[in-house]
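Asker: Here full-length UniProt numbering is used: the first residue of the sequence shown is 1, the next is one more, and so on. My questions all concern the structure below.
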Amino acid sequence: MTSKCEIRFKLRKMSEGGPHKPQRSKGFGIFYFPIVVLGISLDQLMETLIQRLTELYEKSTLKGLQRFWRMNISTIPKAELIFGGKYKLVRKIGNGSFGDIFLAVNITNGEEVAVKLESQSSKHPQLFFEVKLYKILQGGVGIAHMRWYGREKGHNVLVMDLLGPSLEELFNVCSRKFTLKTVLMLADQMISRVQYLHTKNFIHRDIKPDNFLIGTGRHCNKLFIIDFGLAKKYRDSKTKEHIPYRKDKNLTGTARYASINAHLGIEQSRGDDMESLGYVLMYFNRTSLPWQGLKAATRKQKYEKIVEKKMSTSVDSLCKGYPHEFATYLTYCKGLHFEEAPDYLYLRQLFRSLFKSLNYQYDYLFDWTVLKERDAQETASSSQNQPPQTSTFD
Numbered sequence: 001m002t003s004k005c006e007i008r009f010k011l012r013k014m015s016e017g018g019p020h021k022p023q024r025s026k027g028f029g030i031f032y033f034p035i036v037v038l039g040i041s042l043d044q045l046m047e048t049l050i051q052r053l054t055e056l057y058e059k060s061t062l063k064g065l066q067r068f069w070r071m072n073i074s075t076i077p078k079a080e081l082i083f084g085g086k087y088k089l090v091r092k093i094g095n096g097s098f099g100d101i102f103l104a105v106n107i108t109n110g111e112e113v114a115v116k117l118e119s120q121s122s123k124h125p126q127l128f129f130e131v132k133l134y135k136i137l138q139g140g141v142g143i144a145h146m147r148w149y150g151r152e153k154g155h156n157v158l159v160m161d162l163l164g165p166s167l168e169e170l171f172n173v174c175s176r177k178f179t180l181k182t183v184l185m186l187a188d189q190m191i192s193r194v195q196y197l198h199t200k201n202f203i204h205r206d207i208k209p210d211n212f213l214i215g216t217g218r219h220c221n222k223l224f225i226i227d228f229g230l231a232k233k234y235r236d237s238k239t240k241e242h243i244p245y246r247k248d249k250n251l252t253g254t255a256r257y258a259s260i261n262a263h264l265g266i267e268q269s270r271g272d273d274m275e276s277l278g279y280v281l282m283y284f285n286r287t288s289l290p291w292q293g294l295k296a297a298t299r300k301q302k303y304e305k306i307v308e309k310k311m312s313t314s315v316d317s318l319c320k321g322y323p324h325e326f327a328t329y330l331t332y333c334k335g336l337h338f339e340e341a342p343d344y345l346y347l348r349q350l351f352r353s354l355f356k357s358l359n360y361q362y363d364y365l366f367d368w369t370v371l372k373e374r375d376a377q378e379t380a381s382s383s384q385n386q387p388p389q390t391s392t393f394d
């Protein structure tokens, strides 16, 4: 008796930022393996499937399949799930610039942490650069605490505090629309986080909603900036000498939020981070940006269409219908010279003055907080309205 066994595997779709910026899996592929069902044990079946998948892994050009096969926890022996002697992987929760991020548990006290893994066989290892940068940034507001790092089991490993959801995830929770109050409270913290990074002589180069996370517990109102895999030192720590102006650079970061100069191949500096932040704020205001969803045959052609649309969309057009402070912000950032330091206080004050003029209260009641409280109240109300349960005994 012959039948077919269906194996599903996750395919990764590359983001607009380039081949090194995988997003979460967006679909499935299916392989059918003819097998003889009669007289075959489950162990034999699994051995056959693993052999076939291994062959496909070795031959496949589908990097997503290869990556999934390497990192799927269910295929890793339990002993290999523990790093640093006490951090046990539970499940995958995301992707960074160069590596996968897992929820893990400290087996000595049950505390949950985040673990970032990068294969030591990676052609362009970046995790230990990120570790060095985290060391420099430790102690800053909105910087995750680093617990442990090292090399184990064929991986570079970074263990950090577990944070809450990203702004992109929260945006989706809020039906892809933030109120102006929430956008302004976020802008205040986001500018401060980027400023802190810049004071430490680095630029981020991948400012986007996914790289800002809300804290947990007593830090639930604090915004954290993460993922420094694409960060770059823009000036010498001692002499403060700025990196030179260069052209013909490849696009680094996510095309949707990249500065126009980054698209044009110009070396990025502080102003590019700030311009990207402006696009993020308008994304939250508008729910989408004019250059999203453009169709093209190749990634290169898509990037060309994005920058063409971005350059042809004036700041006034982009910000039409929203307070003029957003247009003022973007115009200022786009006008910064290559080595010029942004006036962070001026930019924060733009939004703080608007916030105050609208009589908002800085009460940290973000849209998702209000939504959560409303849901809790509705749940409590519905439970109160339910008739009490009664039991009868014979």
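Just so you know, even glycine gets a beta-carbon here, dropped at the ideal spot from N, CA and C. This structure is a prediction, so every number in the text was calculated from the model and none was measured.
Identify, in the order they occur along the chain, each residue of the same chain with its Cβ nearer than 7 Å to the Cβ of Arg176, setting aside the five sequence neighbours on each side.
Answerer: Thr287
Asker: Quick check: the Cα distance between Asp343 and Leu197, rounded to an integer number of angstroms?
Answerer: 14 Å
Asker: Have a look at Phe355, Glu111, Ser317, Thr216 and flag the residue whose alpha-carbon is nearest the alpha-carbon of Thr369.
Answerer: Thr216
Asker: Let's test the definition: count the other Cβ atoms within 10 Å of the Cβ of Ser121 and tell me whether it reaches 16, buried, or not, exposed.
Answerer: Classification of Ser121: exposed, given that the 10 Å Cβ count is below 16.
Asker: Rounded to a whole number of angstroms, what is the C-alpha to C-alpha distance between Lys116 and Asp227?
Answerer: The alpha-carbon atoms of Lys116 and Asp227 are separated by roughly 10 Å.
Asker: In or out: Glu340 buried (at least 16 other Cβ within 10 Å) or exposed?
Answerer: exposed
Asker: When you compare only the Cα positions, how much space is there between Ala104 and Ser314?
Answerer: 46 Å
Asker: On the CB-based measure, 16 or more other CB atoms within 10 Å of its CB, does Glu325 come out buried or exposed?
Answerer: buried
Asker: What is the DSSP secondary structure of His124, reduced to helix, strand or coil?
Answerer: coil
Asker: From Ile93 to Ile191, what does the alpha carbon distance come to, in whole angstroms?
Answerer: 26 Å
Asker: Nearest CA to the CA of Pro125: which residue from Ile107, Phe98, Val173, Asn106?
Answerer: Phe98
Asker: I'd like the ranges of any alpha helix (DSSP H) spanning at least 4 consecutive residues and lying wholly in the stretch 127-175.
Answerer: 127-137, 167-173
Asker: Pick out whichever of Ala376, Leu371, Thr379, Lys356 has its Cα sitting closest to the Cα of Leu184.
Answerer: Lys356
Asker: Could you check which residue in Phe129, Asp188, Arg151, Met274 has the C-alpha nearest to that of Tyr332?
Answerer: For Tyr332, the closest of Phe129, Asp188, Arg151, Met274 by C-alpha to C-alpha distance is Met274.
Asker: Measuring only the C-alpha atoms, how far is Arg67 from Gly150?
Answerer: Interpretation of Arg67 is limited by its pLDDT of 46, a score under 50 that renders its predicted location unreliable; the figure taken from the coordinates is listed afterwards. Going from the Cα of Arg67 to the Cα of Gly150 covers about 21 Å.
Asker: Express the C-alpha separation of Asp100 and Ser119 in angstroms, rounding to a whole number.
Answerer: 9 Å
Asker: Skipping 5 residues on each side, what residues in its chain have a beta carbon closer than 8 Å to that of Asp316?
Answerer: Ala327
Asker: Kindly indicate the opening and closing residues of the alpha helix (DSSP H) around Arg270.
Answerer: Counting along the chain, the alpha helix (DSSP H) containing Arg270 begins and ends at 270-286.
Asker: Under 6 Å Cβ to Cβ from Phe178, same chain only, skipping five residues before and after it: list those, please.
Answerer: Only Phe284, Asp367 meet the Cβ criterion.
Asker: Short check: CB of Trp291 to CB of Lys310, under 8 Å?
Answerer: A contact, by the Cβ cut-off of 8 Å.
Asker: Rounded to whole angstroms, what's the CA-CA distance from Ile214 to Leu163? Just pull it up for me.
Answerer: 6 Å
Asker: Given this structure, state the Cα-to-Cα distance separating Ile225 from His204, to the nearest angstrom.
Answerer: About 9 Å.
Asker: Measuring only the C-alpha atoms, how far is Ser166 from Lys222?
Answerer: Answer to the nearest angstrom: the Cα atoms are 12 Å apart.
Asker: Between Val157 and Arg147, how many whole angstroms is the CB-CB distance? I'm expecting something under 8 Å.
Answerer: Not a contact, Cβ separation roughly 10 Å.
Asker: Between the Cα of Gln268 and those of Leu336, Cys174, Leu170, Ala297, spot the shortest distance and give me the residue it belongs to.
Answerer: Leu336
Asker: Between which two residues does the alpha helix (DSSP H) carrying Arg256 extend?
Answerer: It is not in any alpha helix (DSSP H) - Arg256 carries neither H nor E in the DSSP assignment.
Asker: Distance check for Lys123 and Phe102, CA to CA, integer angstroms please.
Answerer: Cα-Cα distance, rounded: 21 Å.
Asker: Roughly how many whole angstroms lie between the Cα atoms of Asp363 and Ser259?
Answerer: 32 Å
Asker: Could you compute how far the alpha carbon of Ala231 sits from the alpha carbon of Phe202?
Answerer: 7 Å
Asker: What are the partner residues of Ala114, as DSSP defines its beta bridges?
Answerer: Leu103, Met160
Asker: Spatial neighbours of Tyr329 within its chain, please: C-beta separation below 7 Å, excluding the five flanking residues on both sides.
Answerer: Answer for Tyr329: Gly278, Leu347, Leu350, listed in chain order.
Asker: What number of angstroms, rounded off, separates the C-alpha of Ala187 from the C-alpha of Leu281?
Answerer: 7 Å
Asker: Measuring only from the beta carbon, is Tyr329 closer than 7 Å to any heavy atom that is part of the ligand NAD?
Answerer: What this structure holds is no ligand at all, so the ligand NAD is not there to describe.
Asker: So, under 8 Å CB-CB, Leu289 and Arg256 are touching, yes? Tell me the CB distance rounded to an integer number of Å.
Answerer: 6 Å
Asker: Buried or exposed for Thr252, going by 16 or more other Cβ atoms inside 10 Å?
Answerer: Around the beta carbon of Thr252, a 10 Å sphere encloses 16 or more other beta carbons of the protein chains shown; the residue is thus reported as buried.
Asker: Using 8 Å for Cβ pairs, my map puts Lys86 next to Thr108. What's the rounded Cβ distance?
Answerer: 5 Å
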